[in-house]
Structure formats: C-alpha cells, structure tokens
Amino acid sequence: MTHPPFCIAPSLLSCDFARVADDLQKIEAAGADWHHVDVMDGHFVPNITIGPPVVKKIKEASGILLDVHLMITDPVKYAGAFAKAGADILTFHAEVCANDAAARAVVHAFRSEGVPQVGIAVNPATPIERVENLLGDVDLVLVMSVIPGFGGQSFMEDVLQKVVWLREQGYEGHVEMDGGLNHETLPRCAAAGANALVAGSAIYGSPDWKQTITEFRQLAEGVRI
Ligand code: DX5
Ligand code: ZN
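First residue of the sequence shown? That's 1 in the working numbering, and the numbers climb one at a time after it.
Take a look at the structure:
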C-alpha cells in the first residue's frame, strides 16, 4: 500500500504571534511542509485562539499549505469563512457530529465552499471506529495524541493503535498525528503509519528549527513501513 509522503507540520500555536509573518517565513525556510493552524472556540475546548480574519492574514504571509485544525463546536457555521480565509486542508472533530450523516454534512459544507482537502479528527477518548464509514469521504484523518486545547502536553501512546488500524483498513489518505510529538515519539507515529506529523513546542521551542525539521524527516523516513 502506498502512503502519502511525510509532511512535517509545525503548529503555529507555539510561534511568536507578535512576529507571526517572520516566523512563517523562517519555518518555511527551515523546511516545513505545512503550517498547522489551531482554531479553538472556548467551547469545544477550554481555550480560545484565532478566527478567520487572522487565518486570512496568515495565508497571505504564507507560501506553503495551511492545515487548519478546527477545535470548534459548529464547523458548518464557519465553513465559508475558513474557506475564504484560505484553508487548504480543513479538519473538524468527529465529536461534534451526532452520527455519520451529520459528519457527511460537514464534509459536504466544506467541499461546497471550495475547501481543497477535508479532514476529520478524533480525540484520544474517541474510538477510531467512529470514522470507519467516513474514510471514503475524507482526505485526512487526524488522530489526536493529546487532549486538545493546549500545546506542550505529553504524548498519549495508546492512540498509536488507531493509526495502525487506519492503515489496516487500507486507508491511503493522510493520517495525521498531533500532540506531544518529539524526537522520541515522532518516529513511532511514522512507524505506525502516520505521514502528517504536527509538532508545536518541539519545533518552535527548539534552538535550530532547520536542524529539528531535518532530523524529524530523517527519523520518519528511517522507520517508514
Ligand atoms: C493541541 C493542538 C496541537 C498543539 C500541539 O490542542 O491541536 O496542534 O499545538 O502542540 P505540541 O506539539 O506542543 O504538543
Ligand atoms: Zn492541532
């Protein structure tokens, strides 16, 4: 089975938001594949970050794909706003949908607004079977490896089996992992079958971003299944 190439996605949650355009350019020059942008509404998660106007400005200052992770209760309501803001990948959480039909309605809303790639995310406590009937509908499955809301938390390794399960189902889209990825945990994500690797504090908090991203790519490629 072929998997998509590795995508190293630094999470902007750990950038310096007073210098976001500088950080975007520096992280791109350091070899980032995607910018991971965390949108939190203070309702689905107990934290608030940024909304469509800021995402639009980030898009204008960016030269690579924007991978927008919506940790919000009502993704359909904001589908048009995030599409217009320039999200290249727009991911919503399975937990905000009562059933498969509701999840498909979100996917449909995103695609109708012209979002190029649509993802669905699952929290650590959500069984991965929750997305079993949706794998044909989405371009990406995001397996959360921390409880969403904050950067800098510890990796929950129980979730690795969800990644293995997704690839066992024959899923050939992006499998993304987010939360607690570092030199020790990132290669284990890659070995399980993940290709989209989000890291906030481990990249933005490191002294040499280029070296860290290069090492992460080498570690991932070294264990590719
Ligand atoms: C957590 C966010 C993550 C976060 C990851 O709710 O979805 O994207 O920025 O940060 P680290 O890599 O520091 O765990
Ligand atoms: Zn995220």
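Backbone N, C-alpha and C define an ideal beta-carbon position, used for all residues, glycine too.
Quiz item: What does DSSP give as the partner residues of Ile213 in its beta bridges?
Solution: In the DSSP output, where bridge partners are listed per residue, Ile213 has none listed.
Self-check item: Rounded distance between the beta-carbons of Ala79 and Phe110, thought under 8 Å
Solution: The Cβ separation is near 5 Å, so the contact holds.
Self-check item: Within the segment 153-185, ranges of the beta strand (DSSP E) (whole runs, at least 3 residues)
Solution: Runs of the beta strand (DSSP E) inside the segment 153-185: 174-178.
Self-check item: Val198 - partner residues in DSSP beta bridges
Solution: Paired residue(s): Ala9 and Asp178.
Quiz prompt | Nearest residue (CA-CA) to Asp67, options Trp34, Val54 and Ser206 | solution = The residue with the shortest Cα to Cα distance from Asp67 is Trp34.
Quiz item: Would you say Leu65 reaches chain D, if we count a Cβ-Cβ gap shorter than 7 Å as a contact?
Solution: Within the model displayed, chain D is absent; a lone protein chain is all it includes.
Quiz item: What number of angstroms, rounded off, separates the C-alpha of Ser62 from the C-alpha of Ala87?
Solution: Approximately 11 Å between the Cα atoms of the pair.
Quiz prompt | As assigned by DSSP and simplified to three states, the class of Ala61 | solution = When DSSP states are grouped into helix, strand and coil, Ala61 belongs to the coil group.
Quiz item: Can you tell me the Cα-Cα spacing of Ala216 and Phe6, whole angstroms?
Solution: Note on identity: in this sequence residue 216 is Phe, with Ala being the wrong assignment. Computed Cα separation, rounded: 10 Å.
Quiz item: Where does Gly119 sit, in a helix, a strand or coil, going by DSSP?
Solution: Reduced to three states, the DSSP call for Gly119 is strand.
Quiz prompt | Beta-carbon spacing of Glu28, Ile58 below 7 Å | solution = Going by C-beta atoms, Glu28 is not nearer than 7 Å to Ile58.
Quiz item: Is any heavy atom of the ligand ZN found at a distance shorter than 6 Å from the C-beta of His69?
Solution: Indeed, a heavy atom of the ligand ZN lies less than 6 Å from the Cβ.
Exercise. Please specify which runs of the beta strand (DSSP E), each continuous and at least 3 residues long, are wholly inside the segment 20-103, giving them in chain order.
Key: Listed in chain order, they are 34-40, 65-71 and 89-93.
Practice problem: Kindly examine the ligand DX5 and report whether one of its heavy atoms sits closer than 6 Å to the Cβ of Asp65. | Solution: Looking at the sequence itself, residue 65 is Leu, so the reference to Asp does not match. Taking non-hydrogen atoms of the ligand DX5 into account, the C-beta of Leu65 is found less than 6 Å away from none of them.
Quiz item: Helix, strand or coil for Val138 per DSSP?
Solution: Reduced to three states, the DSSP call for Val138 is coil.
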